[in-house]
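Some notes on the structure that comes next.
Protein chains: 2
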Amino acid sequence: MTYKAPLNDLRFALHTHAQLPQILALPKSAGLDDETVNAILDEAAKFAETLLAETNRQGDLNGAKLVNGKVVCDPVIANAFNEFRDAGWVGLRASPDFDGQGLPMTVAAACEEMWCSANLAFSLLPMLTLGAFEALHHHASEAVQQKFMAKMANGEWSGTMNLTEPQAGSDLAQVAAKAKPLGDDTYAITGQKIFITWGDHELVDNIVHLVLARLPDAPAGVKGISLFAVPKYWVEEDGSLGAFNHAQAVSLEHKLGIHASPTCVMSFEESRGYLVGEAGRGLNCMFTMMNHARLGVGIEGHAVAERAYQHALAYAHERVQSRAIQSDSIAPVAIIEHPDVCRMLLQQKATLEAQRAVYLKAAAALDVAESHPVPDVQKQAQALLDFLIPIVKGWSTENGTTLTNLGMQVFGGMGFIEETGAAQYVRDVRITAIYEGTNGIQALDFIGRKTAANGGAVAQYLLDEGRALAAKLPSDSPLVTQLNQALDLAAESVQYVLAQFAANTPNNAAAGSLAYLMQFGFTLGAIEMARAYLAAGQALENESEQVLGEDFYRHKQHTVRAYFDLVLPQVLGLHQQVIRSADSVLDYPAAALAL
Amino acid sequence: MTYKAPLNDLRFALHTHAQLPQILALPKSAGLDDETVNAILDEAAKFAETLLAETNRQGDLNGAKLVNGKVVCDPVIANAFNEFRDAGWVGLRASPDFDGQGLPMTVAAACEEMWCSANLAFSLLPMLTLGAFEALHHHASEAVQQKFMAKMANGEWSGTMNLTEPQAGSDLAQVAAKAKPLGDDTYAITGQKIFITWGDHELVDNIVHLVLARLPDAPAGVKGISLFAVPKYWVEEDGSLGAFNHAQAVSLEHKLGIHASPTCVMSFEESRGYLVGEAGRGLNCMFTMMNHARLGVGIEGHAVAERAYQHALAYAHERVQSRAIQSDSIAPVAIIEHPDVCRMLLQQKATLEAQRAVYLKAAAALDVAESHPVPDVQKQAQALLDFLIPIVKGWSTENGTTLTNLGMQVFGGMGFIEETGAAQYVRDVRITAIYEGTNGIQALDFIGRKTAANGGAVAQYLLDEGRALAAKLPSDSPLVTQLNQALDLAAESVQYVLAQFAANTPNNAAAGSLAYLMQFGFTLGAIEMARAYLAAGQALENESEQVLGEDFYRHKQHTVRAYFDLVLPQVLGLHQQVIRSADSVLDYPAAALAL
Chain A
1249 MTYKAPLNDL
1259 RFALHTHAQL
1269 PQILALPKSA
1279 GLDDETVNAI
1289 LDEAAKFAET
1299 LLAETNRQGD
1309 LNGAKLVNGK
1319 VVCDPVIANA
1329 FNEFRDAGWV
1339 GLRASPDFDG
1349 QGLPMTVAAA
1359 CEEMWCSANL
1369 AFSLLPMLTL
1379 GAFEALHHHA
1389 SEAVQQKFMA
1399 KMANGEWSGT
1409 MNLTEPQAGS
1419 DLAQVAAKAK
1429 PLGDDTYAIT
1439 GQKIFITWGD
1449 HELVDNIVHL
1459 VLARLPDAPA
1469 GVKGISLFAV
1479 PKYWVEEDGS
1489 LGAFNHAQAV
1499 SLEHKLGIHA
1509 SPTCVMSFEE
1519 SRGYLVGEAG
1529 RGLNCMFTMM
1539 NHARLGVGIE
1549 GHAVAERAYQ
1559 HALAYAHERV
1569 QSRAIQSDSI
1579 APVAIIEHPD
1589 VCRMLLQQKA
1599 TLEAQRAVYL
1609 KAAAALDVAE
1619 SHPVPDVQKQ
1629 AQALLDFLIP
1639 IVKGWSTENG
1649 TTLTNLGMQV
1659 FGGMGFIEET
1669 GAAQYVRDVR
1679 ITAIYEGTNG
1689 IQALDFIGRK
1699 TAANGGAVAQ
1709 YLLDEGRALA
1719 AKLPSDSPLV
1729 TQLNQALDLA
1739 AESVQYVLAQ
1749 FAANTPNNAA
1759 AGSLAYLMQF
1769 GFTLGAIEMA
1779 RAYLAAGQAL
1789 ENESEQVLGE
1799 DFYRHKQHTV
1809 RAYFDLVLPQ
1819 VLGLHQQVIR
1829 SADSVLDYPA
1839 AALAL
Chain B
1249 MTYKAPLNDL
1259 RFALHTHAQL
1269 PQILALPKSA
1279 GLDDETVNAI
1289 LDEAAKFAET
1299 LLAETNRQGD
1309 LNGAKLVNGK
1319 VVCDPVIANA
1329 FNEFRDAGWV
1339 GLRASPDFDG
1349 QGLPMTVAAA
1359 CEEMWCSANL
1369 AFSLLPMLTL
1379 GAFEALHHHA
1389 SEAVQQKFMA
1399 KMANGEWSGT
1409 MNLTEPQAGS
1419 DLAQVAAKAK
1429 PLGDDTYAIT
1439 GQKIFITWGD
1449 HELVDNIVHL
1459 VLARLPDAPA
1469 GVKGISLFAV
1479 PKYWVEEDGS
1489 LGAFNHAQAV
1499 SLEHKLGIHA
1509 SPTCVMSFEE
1519 SRGYLVGEAG
1529 RGLNCMFTMM
1539 NHARLGVGIE
1549 GHAVAERAYQ
1559 HALAYAHERV
1569 QSRAIQSDSI
1579 APVAIIEHPD
1589 VCRMLLQQKA
1599 TLEAQRAVYL
1609 KAAAALDVAE
1619 SHPVPDVQKQ
1629 AQALLDFLIP
1639 IVKGWSTENG
1649 TTLTNLGMQV
1659 FGGMGFIEET
1669 GAAQYVRDVR
1679 ITAIYEGTNG
1689 IQALDFIGRK
1699 TAANGGAVAQ
1709 YLLDEGRALA
1719 AKLPSDSPLV
1729 TQLNQALDLA
1739 AESVQYVLAQ
1749 FAANTPNNAA
1759 AGSLAYLMQF
1769 GFTLGAIEMA
1779 RAYLAAGQAL
1789 ENESEQVLGE
1799 DFYRHKQHTV
1809 RAYFDLVLPQ
1819 VLGLHQQVIR
1829 SADSVLDYPA
1839 AALAL
């Protein structure tokens, strides 16, 4: 269960799919060069592979517990966080104005893949902290920012997001927690929140909770929700910690996976906090971070599957079982020589490389949208990012379950035994398809705000990119036909979705919405894999460009072919599901689904 | 987490897909009529729904443990087994010559679906016992049969199958356990076996272990393996129990699921036993039961998914969240009204009904093959059964993971919490794709012995059935086009597989073998769903045939449409994977998968 950071593929993907040189030319990248990026990736890899990866199984075995009102984590987790903080990793992409390192998301995303592969449950602590940091950065008053943010970026304190209540899961309009003005600039927050990741723990001195709640006389629905920053311990004017603020975990959930991370039921009892952003604009404040958070969850789903793949690959080399069917020898062989086992590994590897390409493309769009000097370029990048987010989140995490299960299958009977470790990846990854908006919610977002609302313009832009790449591929390559067919089918699905919204029958599109999201994910994967094929071909023609060694580029071209043969064909069925689901689903007699 | 046996659909499927009247006309069904079958199903449903279903969560929470050398099960499991045995369920399909009830497999299979839905881990105890019973029935000497079998059929004792050793998982040629002749008709068996389901426990007075081992001077490979019956306690000539026979669990595995069932590392130390069948023919003796066992595992995968579906359906009615997107009202609705949630439920329901049709078709073929008076009919049924087995096993259990995960997804965040119960189905079902021959092994069997070895004759026979059904469907129905397209693609895949074996390049077929198995599974599901559509249509035209109520038949036709729209389209991609995988997989450079 060792982990080896896929540094070569990360480097290739950063240049090919995220166009790193352009990211390094952004104002926010001032002082950063390729060499520094490489050094950062190397250091991150070292940390992930050694200290962090080794905590994964122990953290699963000895999950977080609530003992006498305190959340207790395994010592290896606490120790890993100390080292992580001391090495300066928490604030890698946080603003330098508040003790962060200010790295572009593109580079930070590559590091986040490594943290998530090494220990998903652990990685949620810095990820949530940065989410809260970003919310404060965009919306809090300067006084509040000064009070909290630097200590969050350097990892002295952590941050949480308190949205969900039992009756308000996906539908935040139902939030009921209350906020009472105390007459000064503070409020007393009271309510219970559920599913709060790293909601309470002893790894840091203080925790800054961002809490959605309603002011007195707030209107019903989303417009009555405001956001508050509520510290676990009150922070005095001099920055010292004051009294306990009655923000605490009252129980922890028993979960299928990510055991090392406490998932808390949080209770706030007249807990003092500050308003963040305008009253009644709480949801908007949360939406600011949604792209970051959903991109992060997509990376999580991808990263756990990457580790599951590596684990299965190692076993497939080591395990000797059964003769090769197309051989005269009866000697048993390593199972990687059995075609179906090799197929499973390639399906994993090819999907993972496509996912890495897509999430880094999205991360690059985020950086350009945030800091490109030309507003029009920013705007275009923002539209691209908005479109890519539900794909990265939904597609990578649906695949997460498929791929980790393939990993387990390679182990045969040993895969079902917990000590083997394959089961943990299957368990851990499962949450990524659910939280931060279930994939069903992502799919709704994708058909509506991301496709119909812009008349399919961004979808068309990406399909045009695909056409241009197809035109550059060797004309006799089967990749051309496969890619063009996938682009045709995707275009048909886009038209179908647009037509439903135009006809005011969005339910028709909703019935096939997950299939549409998945179809576009696999198609976008093919577009980026075609880009990779061409980039690798260019390197193969020009020895000076072979910075990763000739073999890397040859292998990449083979992996692209594997993606087109083993993975991309799924779009054929998905396309049918997009256009056919409406009748079956919407005409289905309710009585046939009655209890 | 209640369970409601799908009695109406079972009855419909027994008549439509298993052609129950023909089964009841077999010699082995003497004395059995439709009314009795209905009464048996009703009683089985009652037991499954009440007593057994209620043990499922407790058995998961308090799994089997090894305490001071004894395997300890939760009392609810022990109690359930007592009731199950006392009600006479263990030997339902065991030969009446040995205290069994001798019911046809077709009827027993319907009951087994209910046991497996109610508590998969529990159901393995009678299932394994019957497997051992069958092996003895076919291969043991009369003396051995008289000694063991009646007490196995009535549940006083249980049985196990001891095949796997650490170095011999799928490849039984590597079995190393030793058998030493003791000079009388007994042998001393020594060795260690792993993954032995219900290998040891205190729920019965004695356990009959069937153990693969090698006689002295046996040749290497499979021809040196013999089968032995080794009781936990020696059985004296008068039937009384003698000394402990040094057959015991030395440890239990920690598994992802099926916690209530002990999965044992078994140690045999000079344990006395009888040879079963001829020396050196041990594997053949095991193969006798393989169709039963693999059919059983297919039913397991299906049954767990059925319960997960019911669980999700209930929650989708109960959980109110978010407004309907195609509505003027902002009031939140039950989530079943959201199209994507309804789509998930229909995908589950439609797949489940197709799977039920296919496993009952296979069970019927088994009965006909075993006891039809006309040898040619028997032979044809045996060929059909042999072909269907890897589909029932592989297709239903691959779907098992997909469907239980859909069930969990319906729950959103609650699905990830163990108390909800959705996670248990995901965990439990996972083993079914692995044991009794991984699905990769099933797929190899399917391309080779089941397709190529008979020149595709059985495949063609089934596709012809499909053509005939397509011709009977209303000609303006979209089902016709969809079914014919699926049949065309399946025929192409069969031809591809045959061509590879003819060209002596079976590796090419092996690379896409799982896709081929899945493609044929979904196609066969469509064939049987078309049959269901027609049968339902006939009932709708003729009130006297509406024994399940008019609504049932209307709903069935809707579910068939859902199968064709939401499930069947997967064959498009699978077909491409069948014919495209070879190049990508077999040409892939080994160095690119090096560690």
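For the protein sequence lines, the chains are A and B, in the order given.
Numbering of the first sequence is given in the working numbering, commencing with residue 1249 and proceeding in unit increments.
Numbering of the second sequence is given in the working numbering, commencing with residue 1249 and proceeding in unit increments.
Ideal Cβ placement from N, Cα and C applies to all residues, glycine included.
Do the CB positions of residue i and residue j come within less than 9 angstroms of each other?
| i | j | result |
| --- | --- | --- |
| B:Y1481 | B:N1454 | yes |
| B:Q1558 | B:T1250 | yes |
| B:L1376 | B:D1676 | no |
| B:A1425 | B:R1462 | yes |
| B:T1650 | B:T1680 | no |
| A:G1769 | A:I1639 | yes |
| B:G1549 | B:G1648 | yes |
| A:N1410 | A:G1350 | no |
| A:V1452 | A:G1521 | no |
| B:V1392 | B:A1293 | no |
| A:M1400 | A:V1355 | no |
| A:V1513 | A:I1444 | yes |
| A:L1782 | A:A1738 | no |
Is it right to say residue i is buried, meaning 16 or more other beta carbons lie within 10 angstroms of its own, or is it exposed?
| i | result |
| --- | --- |
| B:G1797 | exposed |
| B:Y1547 | At residue 1547 of chain B the sequence reads Ile, which differs from the Tyr that was named. Looking at its Cβ environment, which holds 16 or more other Cβ atoms inside 10 Å, B:I1547 is buried. |
| B:F1535 | exposed |
| A:G1279 | exposed |
| B:I1695 | buried |
| B:Q1394 | exposed |
| A:D1588 | buried |
| A:A1273 | exposed |
Expressed to the nearest angstrom, what Euclidean distance is found between the alpha-carbon atoms of residue i and residue j?
| i | j | result |
| --- | --- | --- |
| A:A1810 | A:D1724 | 17 angstroms |
| B:N1286 | B:R1259 | 8 angstroms |
| B:M1353 | B:K1276 | 10 angstroms |
| B:L1721 | B:A1747 | 32 angstroms |
| B:N1304 | B:G1472 | 41 angstroms |
| A:Y1764 | A:T1686 | 15 angstroms |
| B:H1494 | B:I1682 | 29 angstroms |
| B:Q1596 | B:H1586 | 16 angstroms |
| A:G1469 | A:E1526 | 16 angstroms |
| A:D1799 | A:P1254 | 15 angstroms |
| A:I1827 | A:D1835 | 14 angstroms |
| A:N1310 | B:D1308 | 19 angstroms |
| B:F1370 | A:Q1794 | 58 angstroms |
Give me the Cβ distance between residue i and residue j, rounded to the nearest whole Å; I'm assuming they're in contact under 8 angstroms.
| i | j | result |
| --- | --- | --- |
| B:A1312 | B:C1321 | 5 angstroms |
| A:I1689 | A:S1418 | 6 angstroms |
| B:V1742 | B:T1699 | 6 angstroms |
| A:R1571 | A:A1579 | 6 angstroms |
Quick one: is the Cβ of residue i within less than 8 angstroms of any heavy atom of the ligand SAH?
| i | result |
| --- | --- |
| B:N1647 | Absence of the ligand SAH is noted for the structure shown, with no ligands found whatsoever. |
Compare the C-beta of residue i with all C-beta atoms of chain C and state if any pair is closer than 9 angstroms.
| i | result |
| --- | --- |
| A:E1667 | The structure shown contains no chain C; the protein chains it does contain are A and B. |
Can you give, in chain order, each stretch of the alpha helix (DSSP H) that sits fully within the segment 1329-1387 of chain B and has at least 4 residues? If we require 4 residues or more, the alpha helix (DSSP H) runs fully inside the segment 1329-1387 of chain B come out as 1353-1366, 1368-1387.
Quick one: complete alpha helix (DSSP H) runs, 4+ long, within the segment 1514-1572 of chain A? Considered as a whole, the segment 1514-1572 of chain A harbours 1530-1566 as its complete alpha helix (DSSP H) runs of no fewer than 4 residues, in chain order.
Runs of 3 residues minimum, wholly inside the segment 1390-1477 of chain A: which ones carry the beta strand (DSSP E) assignment? Every unbroken stretch of the beta strand (DSSP E) spanning 3 or more residues and falling wholly within the segment 1390-1477 of chain A is given here in chain order: 1405-1410, 1426-1429, 1434-1445, 1454-1462.
Whole runs of the alpha helix (DSSP H) within the segment 1748-1777 of chain A, excluding any shorter than 4 residues: Listed in chain order, they are 1754-1759.
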